[in-house]
Amino acid sequence: MLRKVSRSSSPKKPHPSTPKKQPSKRRLFSTPSKKMETPTKDETTPTATVESPPAPAPPVDSELAKAETFSMEEIRRGRNPIMNIAVRGTINRFALEFYLLPGERRSRSHVLVDFDEKIRFRDAEGHVADIKGLAIWMKNVGDDFDGELHVRYVIEGRHFVEPLARFQFPLVNADKPVSEHITTIDVINVLQGLLGQFPAIHRKTLTEFTFRLHKGRYLGCRDAITQWMIRLNLAGVVGWHYTRQEVDKVEYIGRQAVSGRGFDTMIDQNFASDMVRDEWGFLSVVVKVSPVCRAIWQPNTYRVIKHAGKDLPYMKDENDKVICNEQWIPHKD
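Below is the structure:
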């Protein structure tokens, strides 16, 4: 439940934020020999270690950001040794983060995973840095509306983005010895339908789709994250109920609380803020209901619209049918 954070005359010290081309369907990495156990909604995962105040994030289109972002094809080829280590490093934490890019009014979201061990490397500017995790999201590729799963390094001491909300979800085996932890490659293999005991309808890849366009904005990212969460939950990799909201010193205005801790109760939200903190150091964030717009998946891909006994918050018409306004479908010759 999102709760309004009480203010005090002496605020606590802030805590830093911790298809055109048919994809290859080969497994990216070997699977664990031991069966993964399904997490429950009461499980918790280890908290992130305290770190120094982060530096500003490089622009998303900067050369530094591009050098630290990788496509599915780059992951398959495996030509970057640091990236190879990163996607095969064991993880102990899984979260969904909402954030704003400069000049935008609608929040974006991505998945975050944290490593058991940080990876030290020299970045594109020659600075020594530690990779503490990865961000995973659907990125527009090429000159068309195609989207593909990408990963990007999350660097310790350097903001990736300024978070407005971050929901932590139970991750399988996170409370067990490191030798039993899963990797980002395991997560991607599940999303490709290559890992897990799935019926045929869940074996289409969820790593490529086509965005919808509305007023110059690409829509469909939350559709991807929704279907990812369902697939990962069916595979017993990620729990459906989040354990906590991790961003400190934020005052949520409007939708003061969520009806429950299920993923379905928070994916239909838009977070907006002027990103200016008040005299107590609090950030005001306006929360509004924003139903999920459907992207255009590859042919014969099965979209789940009900899971864990709940209807997922997709846009609906006056007859209560799940839709996405036809004017948002990009015209393609």
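Residue numbers (UniProt numbering): 1 to 333.
C-beta: ideal position from N, C-alpha, C; glycine also.
In this structure, the beta-carbon distance from G220 to A295 falls below 7 Å.
Assignment of beta-bridge partners to N140 by DSSP yields G147. Taken atom to atom, the span from the alpha-carbon of M138 to that of G281 is near 32 Å. Counting only runs of 3 or more residues that sit fully inside the stretch 263-327, the beta strand (DSSP E) segments are 269-272 and 283-289, in chain order. Taking the C-beta atoms as reference points, M229 is found nearer than 7 Å to F263.
Taking C-alpha positions only, S62 is separated from A124 by approximately 11 Å.
Scanning F209, I119, S290 and N270 for the CA closest to the CA of R166 turns up N270. Rounded to whole angstroms, T207 and A86 show a C-alpha spacing of 19 Å.
Nearest neighbour of S290 by Cα position, chosen from L283, Y302, L312 and A308, turns out to be L312.
For I253, the enclosing beta strand (DSSP E) begins and ends at V250 to G254.
DSSP, read as helix, strand or coil, puts V190 in helix. Take the alpha-carbon of N84 and the one of L195: they are about 19 Å apart. With contact defined as three or more Cβ pairs closer than 8 Å, the stretch 128-135 and the stretch 155-162 are in contact. By the C-beta criterion, the stretch 175-183 is judged not to be in contact with the stretch 240-250, since fewer than 3 inter-stretch pairs fall below 8 Å. Boundaries of the alpha helix (DSSP H) around A67: E63 to A67.
The alpha carbon of R106 has as its nearest neighbour, out of H307, G309 and K288, the alpha carbon of K288. Here V113 is near L134, since their CB atoms are less than 7 Å apart.
Of all alpha-carbon atoms in D248, R231 and K66, the one lying nearest the alpha-carbon of E162 is that of D248. With respect to S284, E251 sits close: the two C-beta atoms are nearer than 7 Å. Buried is the label assigned to Y218, since at least 16 other Cβ atoms lie within 10 Å of its Cβ. Ranking G103, P102 and A200 by CA distance to the CA of N300 puts A200 first. Contact between R108 and L101 is confirmed by a C-beta separation of about 6 Å, below the 8 Å threshold. Straight-line spacing of the CA atoms in R303 and D278 works out to 43 Å.
Boundaries of the alpha helix (DSSP H) harbouring N233: C221 to L234, taken from the DSSP string. Counted as a single uninterrupted DSSP element, the beta strand (DSSP E) harbouring R122 occupies residues R108 to R122. Here the alpha carbons of L234 and D116 stand approximately 24 Å from one another.
In the three-state reduction of the DSSP assignment, E104 falls in the coil class, being assigned neither a helical nor a strand state. For R77, the number of other beta carbons within 10 angstroms of its own is below 16, and it is reported as exposed. Between T183 and T69, the C-beta gap is not smaller than 7 Å, which leaves the two residues out of contact. Under the criterion of beta carbons closer than 8 Å, C293 and R212 qualify as touching, at roughly 6 Å. According to DSSP, S71 shares a beta bridge with H150. With a cutoff of 7 Å on beta-carbon distance, V154 and I136 are scored as not near each other. Boundaries of the alpha helix (DSSP H) harbouring P81: P81 to R88, taken from the DSSP string.
Under DSSP, L96 shares a beta bridge with V111 and F167. Per DSSP, the continuous beta strand (DSSP E) segment holding E208 begins and ends at E208 to T210. Sequence-distant partners of R122 (beyond 5 residues in either direction) whose C-beta falls short of 8 Å from its own C-beta, in its chain, are V128 and A129.
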